[in-house]
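Read the structure below first, then the notes.
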Amino acid sequence: RDRREGHAWLFDGSTLWTYDDPQVLRTKTEYIRENGLGGAMFWSLDADTPDGELITAVDRGLHGR
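Going by my numbering, the sequence shown opens with residue 1030, and the numbers climb by one from there.
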(Lines of atoms letter the chains of each structure in order from A and count residues from 1; the text may use other names and numbers.)
(Lines give C-alpha, C1' and ligand atoms only; values in the text may rest on other atoms or scores of the structure.)
Protein backbone atom coordinates (compact mmCIF):
# COMPACT_ATOMS: atom_id res chain seq x y z
CA ARG A 1 0.00 0.00 0.00
CA ASP A 2 1.22 3.47 -0.84
CA ARG A 3 2.32 5.06 2.44
CA ARG A 4 1.38 8.62 1.53
CA GLU A 5 -1.94 8.21 -0.27
CA GLY A 6 -3.01 4.72 0.83
CA HIS A 7 -3.56 3.33 -2.66
CA ALA A 8 -3.38 -0.44 -3.08
CA TRP A 9 -0.74 -1.93 -5.41
CA LEU A 10 1.31 -5.04 -6.10
CA PHE A 11 4.65 -5.40 -7.91
CA ASP A 12 6.21 -8.75 -8.81
CA GLY A 13 9.50 -7.41 -10.15
CA SER A 14 8.26 -6.82 -13.68
CA THR A 15 4.56 -5.94 -13.53
CA LEU A 16 2.82 -3.28 -11.44
CA TRP A 17 -0.85 -3.69 -10.59
CA THR A 18 -2.97 -1.00 -8.98
CA TYR A 19 -6.43 -1.80 -7.71
CA ASP A 20 -9.24 -0.49 -5.56
CA ASP A 21 -10.06 -2.23 -2.31
CA PRO A 22 -12.63 -1.15 0.32
CA GLN A 23 -10.12 1.20 2.00
CA VAL A 24 -9.32 2.96 -1.29
CA LEU A 25 -13.01 3.18 -2.14
CA ARG A 26 -13.71 4.86 1.22
CA THR A 27 -11.11 7.50 0.34
CA LYS A 28 -12.62 8.01 -3.12
CA THR A 29 -16.20 8.27 -1.85
CA GLU A 30 -15.07 10.72 0.84
CA TYR A 31 -13.63 12.89 -1.95
CA ILE A 32 -16.91 12.61 -3.88
CA ARG A 33 -18.96 13.73 -0.87
CA GLU A 34 -16.58 16.54 0.16
CA ASN A 35 -16.57 18.01 -3.34
CA GLY A 36 -20.30 17.71 -4.01
CA LEU A 37 -19.87 15.41 -6.99
CA GLY A 38 -22.85 13.57 -8.43
CA GLY A 39 -21.79 9.99 -7.70
CA ALA A 40 -19.42 7.24 -8.71
CA MET A 41 -19.07 5.06 -11.80
CA PHE A 42 -17.77 1.55 -12.20
CA TRP A 43 -15.82 0.27 -15.14
CA SER A 44 -16.46 -3.33 -14.18
CA LEU A 45 -17.87 -5.16 -11.18
CA ASP A 46 -16.84 -8.66 -12.23
CA ALA A 47 -13.86 -8.56 -9.86
CA ASP A 48 -16.01 -7.84 -6.81
CA THR A 49 -16.38 -10.52 -4.16
CA PRO A 50 -19.46 -12.77 -4.19
CA ASP A 51 -20.92 -10.81 -1.27
CA GLY A 52 -20.35 -7.45 -3.01
CA GLU A 53 -17.56 -6.11 -0.80
CA LEU A 54 -16.61 -3.32 -3.23
CA ILE A 55 -20.10 -2.13 -4.16
CA THR A 56 -21.00 -2.18 -0.45
CA ALA A 57 -17.98 -0.01 0.38
CA VAL A 58 -19.03 2.52 -2.27
CA ASP A 59 -22.66 2.51 -1.12
CA ARG A 60 -21.65 3.07 2.49
CA GLY A 61 -19.11 5.71 1.53
CA LEU A 62 -21.52 7.71 -0.61
CA HIS A 63 -24.12 7.65 2.13
CA GLY A 64 -21.66 8.45 4.93
CA ARG A 65 -22.04 5.13 6.73
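Glycine included, C-beta positions come from ideal geometry on N, C-alpha and C.
Could you check how far apart the C-beta atoms of ARG1055 and GLY1090 are, in whole angstroms? I think they sit under 8 Å.
5 Å
Count the other CB atoms, across all protein chains shown, that sit within 10 Å of the CB of THR1044; report buried if there are 16 or more and exposed otherwise.
exposed
For a cutoff of 8 Å on Cβ pairs, would you count GLY1068 as touching chain C?
Protein chain content of the structure displayed is limited to a single chain, and chain C is not contained in it.
Please determine, among TYR1060, LEU1083, GLY1068, the residue with the shortest C-alpha to C-alpha distance to ASP1075.
LEU1083
Between the alpha carbons of GLY1093 and ASP1041, how many angstroms are there, rounded?
36 Å
For ARG1030, which residues of its own chain have a beta-carbon under 6 Å away from its beta-carbon, when the five flanking residues on both sides are left out?
ALA1037
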